[in-house]
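Have a look at the structure below before the remarks.
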Amino acid sequence: MNQLRTVVNLKTTTIQSATAFISGIGYYHLYIEGQLIDPSRRLDVGWTTYQQRTLYASYDLTKVINTTTGRIGIGIILGQGWYNRQQWEISLGARTVLAEHYGPPRALMQLNIHYVDGSVQSIVTDSSWLGREGEHRFDSVYMGTTMDLRATLPCWSCANFTKSNSLWINASTLPSPVNFTAGGQFSLQTMDPIRIGPNALHVATSGHSGLLAGVQGASLTDSGVLKPISQDFVNGQIFDLGQNFGGWCKLSSLDSTKSTIIQLRYAELRYSRGANGIDFAGLYYENLDSIAVMDTVILNGTGNETFEPLFTSHGFRYLLDDIDKAVEAARKAFRIDSPWRKLEPSARGNLMRKFAELLRRDIVYLAQLETLNNGKPLANSKIDIMGSAACIDYYAGWTDKFTGETIPSTSDTFLYTRHEPVGVCGQIIPW
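In our numbering, the protein residues as written are 33 to 463.
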């Protein structure tokens with residue numbers, strides 16, 4: 033589980049001070065009543081040798097906690113960070129053995145509330161907290177984030193949150209990451225955290241003239257955001273940010289159908305046209321080795337959605353935005369007013385056969401394109417393309433055969449498919 037929540041009943045006495053101490057490893061985000069505490073902090077807490085020293089952060093929540101309601105909701109989102117198998121041991125230049133796997137992410141928190149009457153209330157993480165797998169499904173420091181917005185629960189960290197079918201279960205109590213018998217300890221993180229937005233700027237300017245020497249292209253705005261200097265929609269939706277830097281891309285105002293997939297690919301370089309015999313100025317991934325630098329989001333379809341990757345950072349200049357056009361095109365094909373639906377069945381079959389013919393004709397080019405930078409043998413790609421062409425040919429024969437001999441048979445047998453209403457027969461067909 034990567035989302036934790038609890039509800040606290042407060043005293044009616046006025047709060048004098050409220051301080052939270054939290055260690056969420058690999059990384060964490062802390063919420064109070066649906067509000068992200070200190071949104072500028074990212075990739076917190078810092079990476080250490082966890083058995084020897086695990087860091088924690090502190091927050092002054094005096095002004096955040098509201099006693100007028102008598103109850104507050106607390107939420108924590110956890111990320112893998114460096115705690116869960118995110119580095120490699122390198123031998124002879126190849127990534128071979130994964131480093132030690134410490135275990136699932138975990139959180140340790142204590143919130144101390146001091147009241148003006150001298151009483152103190154302490155809230156700690158324990159098995160009374162509830163947890164679930166939230167919309168945040170995967171994260172890696174280098175490889176990116178996957179988020180499924182269909183699992184979003186608004187106000188999940190609020191005291192008045194109620195949703196009976198949201199599958200919350202009691203959190204598990206896990207061992208401490210610190211080996212106290214060997215002298216390990218928890219330590220307050222005194223170093224400055226990694227921050228985003230205006231607080232992260234080292235160059236306070238929004239124009240090219242004020243940038244440091246050698247930095248060309250994109251402008252740093254006052255909000256700490258790099259804007260693209262060019263866009264290429266011929267070779268995919270590629271955006272050029274003008275310079276290499278560390279960060280990620282935030283998408284907003286997303287408006288598409290439910291389950292639409294958007295993938296963001298990051299790269300430091302692009303191919304020149306004609307490289308490797310392919311006339312495609314795509315992104316260059318060879319320097320990434322086995323790391324797939326990609327952020328993925330699945331939309332909920334509610335409109336005006338926002339996606340910002342969690343617990344990851346990329347070094348890049350170029351960004352490829354790959355919206356799931358194939359799925360959208362397939363959906364449109366089944367609409368009543370679509371050109372595909374208006375075609376006669378025989379015409380559909382002819383079009384599919386033409387597509388299969390083109391696959392066979394351009395098999396060399398397509399195989400080179402598919403195997404580029406992903407380590408797949410060229411021969412295997414050619415086999416897959418031939419298989420795809422054969423599959424398309426096979427289904428092309430179905431377009432005008434709702435009944436009859438739709439399943440190929442040998443010369444001494446005859447197979448006949450008869451159309452019946454749904455529910456006449458149930459079958460289990462082995463793969």
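Every residue gets a Cβ at the ideal spot worked out from N, C-alpha and C, and that includes glycine.
The beta strand (DSSP E) runs of length 3 or more contained entirely in the stretch 81-113 are, from start to end of the chain, 85-92 and 103-111. Judged by their CB atoms, Leu-315 and Leu-352 are nearer to each other than the 8 Å cut-off.
Going by beta carbons, Gly-105 and Cys-190 fall inside the 8 Å limit. Only residues of its own chain outside the window of five on either side were considered, and among them Leu-391 have a CB closer than 7 Å to the CB of Ser-420, listed in chain order. Note that the C-beta distance between Gly-176 and Gly-278 is not below 8 Å.
By the criterion of a C-beta distance shorter than 8 Å, Gln-83 is surrounded in its chain by Pro-209, Val-210, Asn-211, Ala-214 and Gly-216, once the five residues flanking it on both sides are discounted.
With fewer than 16 neighbouring CB atoms inside 10 Å of its own CB, Met-223 falls in the exposed class. Cβ-Cβ distances below 8 Å link Arg-37 to Gly-105, Ile-106, Gly-107, Ile-108, Trp-161, Leu-162, Gly-163, Trp-188, Ser-189, Phe-193 and Trp-200 in the same chain, with the five nearest sequence neighbours on each side left out; the list follows chain order. Ile-69 is not a Cβ neighbour of Tyr-60, given a cutoff of 8 Å.
Secondary structure within the stretch 35-83: not one fully enclosed alpha helix (DSSP H) run of 4 or more consecutive residues is present.
For Lys-290, the closest alpha carbon among the candidates Arg-227, Ala-324, Pro-71 and Leu-331 is that of Leu-331.
In the DSSP assignment, Asn-412 falls within the alpha helix (DSSP H) that extends over 410-428. Within the model, the alpha-carbon separation for His-146 versus Asp-158 is close to 21 Å. Judged by beta-carbon spacing, Arg-385 lies within the 8 Å limit of Ala-428, meaning their Cβ atoms are closer than that value.
In this chain, the beta strand (DSSP E) harbouring Ala-139 covers 138-147. Assignment of Val-210 by DSSP, reduced to helix, strand and coil, places it in the coil class.
With respect to the 8 Å criterion, Thr-86 and Ile-47 are not classified as neighbours on the basis of their beta carbons. It is roughly 27 Å from the alpha-carbon of Thr-403 to the alpha-carbon of Thr-344. Annotation for Asp-264: Ile-270 place their beta carbon closer than 6 Å to its own, counting only its chain and skipping 5 residues before and after. Cβ-Cβ separation between Arg-297 and Val-329: approximately 13 Å, too far for a contact (criterion under 8 Å). For Gly-166, no pairing in a beta bridge is given by DSSP.
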